[in-house]
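The next block holds one structure in the form of structure tokens; read it before the comments.
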Amino acid sequence: MVPPPAAASTPAAPAVSVGIANLPNQRHKIVSRKGANFTVMVVGESGLGKTTFINTLFTTLMREYKRPEMRFARQLDRTVSIDVVRADIEEKGFNVRLSVVDTPGFGDYANNSDCWVPIIEFLDEQHREKLTTESRRDRRQFDDLRVHVCLYFIQPTGHTLKPLDIEVMKHLCTRVNLIPVIAKADTITTAEMQAFKDRIRDCIETHGISVYSPVPHSDDEETTRRNNAILSAMPFSIIASENDVVVNGQTVRGRQYIWGVAEVENEKHCDFKKLRNLLIRTHMHDLIQTTHDTHYESFRVNKLTSEGRSDDDPVISARRNFESKMKEEEEALRKRFTEQVRQEENRFRQWEQKLMSERDRLNEDLDKQHSLVKQLEEELEEIIAARKR
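Here the sequence shown is numbered in this note's numbering, starting from 23 and rising by one per residue.
Here it is in structure tokens:
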């Protein structure tokens, strides 16, 4: 007797909601409670407005200004120092532990050979501290100062990148998310700025410098449009100012000149708004994630390889497989949550459209009834007038 064929096993769909869809909300609560670390490094010559930009970006006095007579007081030392300023910024209950890393002395000398070495050593040291911490028994006590984004300030010469810029950016791009910015965009015309940007892009491509770029294509049309706008604006031209000026009756941040006002947040004047959105509002998480998944992992692999070690250790391999699986599951949940939100939005739009159509129909019926009542009133008036005659 031939046994009947076994039925194909299919995943059983729950008849009622069991609460799995609440996982993104739980994740949101955990992240909101823990907050985040975000470290920004600014690199560039003195006088390019790095301090003003940082203060303008976070709308607070993050760094004190140097006195003009003290700006080049370190010329005789010929050393590049690393200054770290920290602050806790809270907005709508979410706390960010912000660290700003400045590099005073960079590019301020006649001979700038190896002036980038202290910066590179600082970046590598933070990755080294993270790698050492992962081998400890207690990994909770770790002061994470890994730089998530480096803003490289370029002089607005209108020509192209200097040899120093090219050399430094080559070293930086392999260790940190690098974003080039053109300082003091209000010192050259719009046409000159566009030509300057084109030459910088060509120079970056020619020398194989890798700069941070968001993914140009996404499932969300709005995200795709925003990312393409960011890519088209890079390198960002910025204007920074902490002064308020009045333009057409409105108070805005900007710089007052005889010929008019250069507004900080006016996209016709500069790319400050796009850069702020990239750093804070739209891609902060991606910058943090890329730092860990790309730059730190690259440093870790190179370090272990140089020491004759690898990831063949079963414990390390199991940990990495588990982390990879968790990331895949998190990404799948994120996509599922996004799809559910999109479906709910579509359902709401359909419901709204249906309500609007029903409203229009009722208004039309009401107008018809008003017209009928008016017609009856006119007929009644004619009958009364006829009786009086």
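In this text, a Cβ means the ideal position worked out from N, Cα and C, and glycines have one as well. Note that the structure is predicted; figures quoted are calculated from it, not measured.
According to DSSP, simplified to helix, strand and coil, what is Cys225? Cys225 falls in the helix class under three-state DSSP.
Of the residues Leu253, Val363, Val62, Leu394, the one placed nearest Ile76, counting alpha carbons only: The candidate whose alpha carbon is nearest that of Ile76 is Val62.
Please give me, in chain order, every unbroken run of the alpha helix (DSSP H) with length at least 4 that falls completely inside the stretch 165 to 200. 185 to 194, all fully within the stretch 165 to 200.
Nearest chain C C-beta to Val139 closer than 8 Å, yes or no? The chain inventory of the structure shown lacks chain C, comprising one protein chain alone.
Counting pairs of beta carbons, one from the stretch 203 to 222 and one from the stretch 280 to 298, are three or more of them closer than 8 Å? Touching, yes, given that three or more Cβ pairs across the two stretches are closer than 8 Å.
According to DSSP, simplified to helix, strand and coil, what is Ser240? Of the three classes helix, strand and coil, the one that applies to Ser240 here is coil, per DSSP.
Three-pair Cβ contact test at 8 Å for the stretch 247 to 266 versus the stretch 293 to 302: Counting C-beta pairs with one atom in each stretch, the stretch 247 to 266 and the stretch 293 to 302 have three or more that are closer than 8 Å, which means they touch.
Start and end residues, beta strand (DSSP E) containing Ser263: That residue, Ser263, is in no beta strand (DSSP E); it is neither H nor E in DSSP.
Do the stretch 260 to 271 and the stretch 300 to 310 touch if we need at least three Cβ pairs shorter than 8 Å? Touching, no.
Given that a residue counts as buried once 16 or more other Cβ atoms are within 10 Å of its Cβ, and exposed if not, what is Ala405? The displayed chain sequence assigns Ile, not Ala, to residue 405. With fewer than 16 other Cβ atoms within 10 Å, it is exposed.
Anticipated Cβ contact below 8 Å, Asp124 with Val64, distance rounded: So it is a contact: roughly 6 Å between Cβ atoms.
To test your reading of the DSSP string, which unbroken alpha helix (DSSP H) runs of 4 or more residues are found completely within the stretch 52 to 82? Considered as a whole, the stretch 52 to 82 harbours 72 to 79 as its complete alpha helix (DSSP H) runs of no fewer than 4 residues, in chain order.
Looking at the secondary structure, which residues open and close the beta strand (DSSP E) in which Ile111 lies? From DSSP, the beta strand (DSSP E) with Ile111 extends over 105 to 113.
Starting from Asn324, trace the alpha helix (DSSP H) both ways and give me its first and last residue. Bounds of the alpha helix (DSSP H) holding Asn324 are 319 to 328.
Could you tell me the alpha carbon to alpha carbon distance between Glu366 and Thr245, rounded to whole angstroms? Within the model, the alpha-carbon separation for Glu366 versus Thr245 is close to 19 Å.
So, helix, strand or coil for Ser121, using DSSP? In the three-state DSSP reduction, Ser121 falls in the strand class (E or B).
For Tyr318, which residues in the same chain have their Cβ closer than 7 Å to its Cβ, ignoring the five residues on either side in sequence? Here Tyr318 has His149, Lys152, Arg168 as same chain residues with Cβ atoms under 7 Å from its own Cβ, once five neighbours each way along the sequence are excluded.
How would you label Gly71, buried or exposed, when you count the other beta carbons within 10 angstroms and need 16 or more for buried? Result: buried.
Looking at C-beta atoms only, is the number of pairs between the stretch 208 to 226 and the stretch 308 to 325 that lie closer than 8 Å three or more? Counting Cβ pairs under 8 Å, fewer than three are found: no touch.
Please classify Val363 as buried or exposed, where buried requires at least 16 other C-beta atoms within 10 Å of its C-beta. Exposed.
Length of the line joining the Cα atoms of Asp308 and Pro46: For Asp308 and Pro46, the distance between alpha carbons rounds to 18 Å.
Which residue or residues does DSSP assign as beta-bridge partners of Pro126? DSSP output for Pro126 lists no bridge partner at all.
Is the stretch 221 to 228 touching the stretch 271 to 280, taking contact as three or more C-beta pairs under 8 Å? The stretch 221 to 228 is not in contact with the stretch 271 to 280.
For a quick check, are the C-beta atoms of Asp66 and Phe144 less than 8 Å apart? Per the sequence presented here, residue 66 reads as Gly, with Asp not at that position. No. Outside cutoff.
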